[in-house]
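Worksheet for the structure shown next.
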Amino acid sequence: MDKVDPRRQIPRTNDLLALPAVHEARTRLSERVIRELVREVQARARRGDIPPGQVESALLAAVAARRATTLRPVLNATGVIVHTNLGRAPLSAGAVEALVAASGYVDVELDLADGRRSRRGAGARAALLSACPAAEDALVVNNGAAALVLATTALAAGREVVVSRGELVEIGAGFRLPDLIESTGATLHEVGTTNRTHLRDYAGALGPATGCILKVHPSNFWVGGFTSAVPLDELRSLADANGVPLVADLGSGLLEPDPHLPHEPDAATALASGADVVIASGDKLLGGPQAGLLLGRKEAIERLSRHPLARAVRADKLALAALEATLAGAAPPVVEALHADVEQLRRRTDRLAQALGAPVVEHEGRVGGGGAPGFALPGWAIRLPEGLAGLLRTGDPAVVPRVHAGSCLIDLRCVPERDDDRILEAVRHALAALGTASAGRAG
Ligand SMILES: *Cc1c(COP(=O)(O)O)cnc(C)c1O
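What follows is the structure, encoded as structure tokens:
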């Protein structure tokens with residue numbers, strides 16, 4: 000008797016699309032994505048990877064597992080607070096609420112009382128000025144790099160940006176501030192040397208071609224030994240004598256000094272020392288959404304706001320909402336993690352370690368995100384076998400541990416306490432999977 004080709008038993012597309020669970024998935028997935036899933040499962044059956052009788056159940060599983068976004072929330076167990084690969088700053092509950100509220104129609108540029116157009120982002124601007132009274136005005140753009148591009152374009156396109164050779168920083172993933180600045184049509188006029196730059200170096204460079212003096216905080220490295228740099232207040236006198244603006248790119252986003260981070264510059268101090276414009280990121284130490292903050296003197300900020308490029312780098316309504324809420328609300332997760340109580344961290348770590356029968360080791364947390372290089376935050380980690388790391392990252396919830404010196408380390412500094420038990424379960428799960436895998440190898 001002839002055998003029927005099993006591939007002819009693969010359910011048809013229309014029958015699969017008509018399954019109730021597949022039909023209902025249209026409320027969260029596009030028609031195109033659903034059809035892709037159908038085709039994939041049919042292809043698996045055609046290749047003989049699954050029998051035709053399992054096509055339906057495989058499709059239901061694929062539809063249930065598919066999310067509209069492929070971005071997966073992770074629990075950050077690395078101890079690195081502003082983790083660039085994990086999206087930098089996690090938002091506070093208040094900021095999340097604000098951004099959800101702003102996701103629909105919202106009065107971002109409308110005065111509801113008189114029905115006229117209003118200044119975009121007025122709430123975020125007011126919150127910044129309230130949190131940093133040293134600034135006369137503020138402008139929010141897309142990110143720190145955009146803020147720097149806007150400032151150097153508006154103040155120095157076709158002219159020179161005078162900057163120390165010790166401050167020509169690569170910020171990460173190959174992005175170099177000097178390249179960014181030159182892309183604006185400004186010319187870099189480098190002064191001094193890698194380790195030492197003096198006031199006379201700047202003085203010798205200033206002239207009719209100068210657009211601005213730029214001071215960059217070398218946020219992701221530090222130089223020691225025979226070094227010197229010129230502080231902002233000394234550059235102020237020089238800027239005044241030559242009638243050129245003084246721009247300070249701080250990177251980190253601290254608005255005022257933090258005694259915890261004595262070497263990290265802050266906007267209030269930079270403005271008091273005479274910067275006309277201070278640049279910082281919203282999603283580093285400030286703990287808010289991705290944004291570039293420009294704070295400074297009224298005339299300088301107005302000049303930037305009026306430049307056509309300002310429109311190309313403007314912040315979106317979601318970032319404006321989340322930034323305002325970060326500034327006005329309770330301390331965001333970045334600040335909490337930075338100031339985490341060491342005793343409490345120890346208690347949480349001990350509890351999980353005991354439940355797992357794993358050792359606790361000393362482990363230093365980091366600020367990360369290119370901030371406070373070399374600055375260690377004392378803490379602890381649970382030490383587990385290195386082979387667990389991959390299982391944890393691909394588990395549900397996804398947990399990202401630190402892999403170091405042959406171990407998988409779980410640092411709870413950046414894990415909200417309410418998620419401790421989820422970490423515990425994830426580790427138990429991964430340990431069980433690891434046990435099964437090694438038992439399989441042994442057998
Ligand atoms: C991080 C950083 C930037 C870039 O800011 P983004 O918000 O990442 O675009 C620019 N300058 C310095 C000094 C920085 O540390």
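The numbers in numbering that gives the first Met the number 0 rise by one with no breaks, and the one at position 49 of the sequence shown is 48.
Note that beta-carbon positions come from the ideal geometry of N, C-alpha and C, so glycine has one too.
Cα separation between V399 and P331? As a first step, residue 399 must be located in the sequence shown, where it is residue number 400. As a first step, residue 331 must be located in the sequence shown, where it is residue number 332. When rounded, the distance between both Cα atoms is 21 Å.
With a cut-off of 8 Å, do at least 3 Cβ pairs link the region 139-151 to the region 284-301? yes
Relative to the alpha-carbon of H262, which residue among G370, A432, D106 and I33 has its alpha-carbon at the smallest distance? On the sequence shown, position 263 is the one that residue 262 refers to. Closest option to H262, Cα to Cα, is G370.
Are V81 and L284 closer than 9 Å when you measure CB to CB? The residue labelled residue 81 in the question sits at position 82 within the sequence shown. The residue labelled residue 284 in the question sits at position 285 within the sequence shown. Yes. Within cutoff.
Let's test the definition: count the other Cβ atoms within 10 Å of the Cβ of K297 and tell me whether it reaches 16, buried, or not, exposed. As a position in the sequence shown, residue 297 is number 298, starting the count at 1. Classification of K297: exposed, given that the 10 Å Cβ count is below 16.
Can you determine whether any heavy atom of ligand 1 sits closer than 8 Å to the C-beta of N13, and answer yes or no? Taking the first residue of the sequence shown as position 1, residue 13 is located at position 14. Result no, Cβ not under 8 Å from ligand 1.
Should V402 and P377 be called a contact, given that it needs their Cβ atoms to be closer than 9 Å? Here the question's residue 402 lines up with position 403 in the sequence shown. Here the question's residue 377 lines up with position 378 in the sequence shown. Going by C-beta atoms, V402 is not nearer than 9 Å to P377.
On the DSSP letters alone, give me the boundaries of the alpha helix (DSSP H) that D232 sits inside. Locating residue 232 in the sequence shown gives position 233, where the first residue counts as 1. Residues L231 to N241.
Which residues bound the beta strand (DSSP E) around S280? As a working mapping, residue 280 is identified with position 281 in the sequence shown. Unbroken beta strand (DSSP E) run through S280: V276 to S280.
C-alpha distance - S437 paired with Q53, whole-angstrom precision: As a first step, residue 437 must be located in the sequence shown, where it is residue number 438. As a first step, residue 53 must be located in the sequence shown, where it is residue number 54. Whole-angstrom Cα-Cα distance: 30 Å.
Closer than 8 Å: N84 CB and nearest ligand 1 heavy atom: Locating residue 84 in the sequence shown gives position 85, counting from the first residue. Incorrect: N84 has no Cβ contact closer than 8 Å to ligand 1.
Less than 9 Å between the C-beta atoms of V276 and L303, yes or no? On the sequence shown, residue 276 is found 277 positions in, with the first residue counted as 1. On the sequence shown, residue 303 is found 304 positions in, with the first residue counted as 1. Yes, Cβ-Cβ distance for V276 and L303 is below 9 Å.
Of the residues L387, E55 and S251, the one placed nearest R464, counting alpha carbons only: No answer is possible for residue 464: the residues shown for the chain start at 0 and end at 442.
Can you find a heavy atom of ligand 1 that lies under 8 Å from the Cβ of Q444? One cannot answer for residue 444 here, as it falls past the ends of the chain, which runs 0 to 442.
Inter-residue spacing [alpha-carbon to alpha-carbon] between Q8 and A20: By one-based count along the sequence shown, residue 8 stands at place 9. By one-based count along the sequence shown, residue 20 stands at place 21. One C-alpha to the other measures close to 21 Å.
Are there 16 or more other CB atoms within 10 angstroms of the CB of W221, so buried, or fewer, so exposed? Position 222 of the sequence shown, counting from 1, holds the residue named residue 221. Exposed.
Beta strand (DSSP E) runs contained entirely in the region 41-111, provided each spans 3 or more residues: 73-76 and 79-81
Pull up the CB-CB distance for L237 and A269, whole angstroms please, since I reckon it's below 8 Å. For this step, residue 237 is matched to residue 238 along the sequence shown. For this step, residue 269 is matched to residue 270 along the sequence shown. Rounded, the Cβ-Cβ distance is 16 Å, inconsistent with contact.
So, are the CB atoms of L308 and P244 less than 9 Å apart? The sequence position of residue 308 within the sequence shown is 309, counting from 1. The sequence position of residue 244 within the sequence shown is 245, counting from 1. The answer is no: Cβ separation not under 9 Å.
Heavy atom of ligand 1 less than 8 Å from the Cβ of S482, yes or no? Residue 482 is absent from the structure shown; the chain starts at 0 and stops at 442.
For ligand 1, is there a heavy atom less than 8 Å away from the beta-carbon of G165? As a working note, residue 165 is residue 166 in the sequence shown. For ligand 1, not one heavy atom lies less than 8 Å from the Cβ of G165.
Distance cut-off 8 Å: G286 Cβ against heavy atoms of ligand 1: Locating residue 286 in the sequence shown gives position 287, counting from the first residue. The answer is no for G286.
Going by other Cβ atoms of all chains shown within 10 Å of its Cβ, with 16 needed for buried, is L149 buried or exposed? Reading the sequence shown from its first residue, position 150 is the one you call residue 149. So L149 ends up on the buried side.
Taking DSSP as the reference, what is the three-state secondary structure of T12? As a working note, residue 12 is residue 13 in the sequence shown. T12: helix per DSSP, three-state reduction.
Whole-Å CB distance - G191 paired with D178, under 8 Å assumed: Here the question's residue 191 lines up with position 192 in the sequence shown. Here the question's residue 178 lines up with position 179 in the sequence shown. Wrong, their Cβ atoms sit about 20 Å apart, outside the cutoff.
S477 versus R66, T226, N219 and L18, residue with shortest Cα-Cα distance: Here the chain covers residues 0 to 442 and nothing more, so residue 477 does not appear.
I need the straight-line Cα distance from D232 to L198, nearest angstrom please. Translated into the one-based positions of the sequence shown, residue 232 becomes position 233. Translated into the one-based positions of the sequence shown, residue 198 becomes position 199. D232 and L198: Cα-Cα distance of roughly 11 Å.
Work out the CA separation of T193 and E166 for me, nearest whole Å. Here the question's residue 166 lines up with position 167 in the sequence shown. Here the question's residue 193 lines up with position 194 in the sequence shown. Looking at the two C-alpha atoms, the distance is approximately 8 Å.
So what does DSSP say about L138, is it helix, strand or coil? As a first step, residue 138 is located in the sequence shown; it is residue number 139 there, counting from the start. Correct three-state label for L138: strand.
Just the C-alpha distance for G242 and R305, rounded to the nearest angstrom, thanks. Here residue 242 refers to the residue found at position 243 of the sequence shown. Here residue 305 refers to the residue found at position 306 of the sequence shown. Their backbone Cα atoms lie some 20 Å apart in a straight line.
Nearest residue (CA-CA) to P256, options G120, E39 and A130: To locate residue 256, count along the sequence shown from 1; it is residue 257. Nearest option by C-alpha distance: A130.
Specify, as a first and last residue, the run of the alpha helix (DSSP H) that E342 falls within. Numbered from its first residue, the sequence shown carries residue 342 at position 343. Element bounds for E342: V341 to L355.
Shortest alpha-carbon distance to L423 belongs to which of L355, D265, A42 and S406? Start at 1 with the first residue of the sequence shown, and residue 423 comes out as number 424. Answer by Cα proximity: L355.
How long is the line joining the alpha carbons of A247 and E23, rounded to whole angstroms? Position 248 of the sequence shown, counted from the start, is the residue given in the question as residue 247. Position 24 of the sequence shown, counted from the start, is the residue given in the question as residue 23. Roughly 54 Å between the two C-alpha positions.
Indicate the three-state DSSP secondary structure (helix, strand or coil) for A431 in the structure shown. Translated into positions along the sequence shown, residue 431 becomes position 432. If DSSP states are grouped into helix, strand and coil, A431 belongs with the helices.
Three-state secondary structure assigned by DSSP to H22: Position 23 of the sequence shown, counted from the first residue, corresponds to residue 22. Helix at H22.
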